[in-house]
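Okay, structure first, notes after.
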């Protein structure tokens with residue numbers, strides 16, 4: 201898989217900053233990003249690594265919030281740890297589902 205494709209699939213979930221809808225941030229954009237990531241994957245190994253790859257945008261979002269308002273982020277994580285955990289799990293699950301679907305859509309068996 202080329203590097204730009206990998207980065208494109210990982211960058212799509214970050215567009216959630218522009219949307220106020222939580223369903224877009226937690227499910228739709230990770231699913232689309234995973235779909236692109238999986239569709240452009242050349243090997244099953246890339247799809248198997250997609251849960252770890254989904255943590256890259258999660259880390260970037262947390263870093264962004266830590267740099268902009270660390271006290272507010274710390275308070276949110278202290279008060280609502282289950283919401284933060286669910287957010288991370290949703291990103292990983294939907295990104296992985298998208299990567300699997302993209303890989304399956306690209307690699308259809310040829311019927312003779």
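Residue numbers (the numbering used here): 201 to 312. For every residue, glycine included, the Cβ atom is placed at its ideal position computed from N, Cα and C.
Beta-carbon proximity of residue i to residue j, cut-off 9 Å
i           : j           : result
residue 209 : residue 240 : yes
residue 284 : residue 253 : no
residue 261 : residue 305 : no
Beta-carbon contacts of residue i that lie in its chain and below 7 Å, excluding the five residues immediately before and after
i           : result
residue 294 : 227, 230, 231 and 234
residue 225 : 216 and 219
residue 264 : none
Assumed close pair residue i, residue j - CB separation to whole angstroms, cut-off 8 Å
i           : j           : result
residue 292 : residue 251 : 5 Å
Residue closest to residue i, alpha-carbon to alpha-carbon, out of the options
i           : options               : result
residue 286 : 211, 207, 222 and 301 : 222
residue 288 : 259, 211 and 207      : 259
residue 307 : 212, 243, 275 and 211 : 243
Residues near residue i by beta carbon distance below 6 Å, same chain, minus five either side
i           : result
residue 277 : 284
residue 303 : 238, 241 and 247
Residue i CB to nearest heavy atom of the ligand SAM below 8 Å
i           : result
residue 241 : Although the ligand SAM was asked about, the structure shown includes no ligands whatsoever.
Return the chain-ordered ranges of every alpha helix (DSSP H) run that is complete within the stretch 265-309 and spans a minimum of 4 residues. Listed in chain order, the complete alpha helix (DSSP H) runs (minimum 4 residues) inside the stretch 265-309 are 281-306.
Note down, one range per segment and in chain order, each alpha helix (DSSP H) of at least 4 residues found wholly within the stretch 206-256. Runs of the alpha helix (DSSP H) spanning 4 or more residues and lying entirely within the stretch 206-256 occur at 229-239 and 244-248, in chain order.
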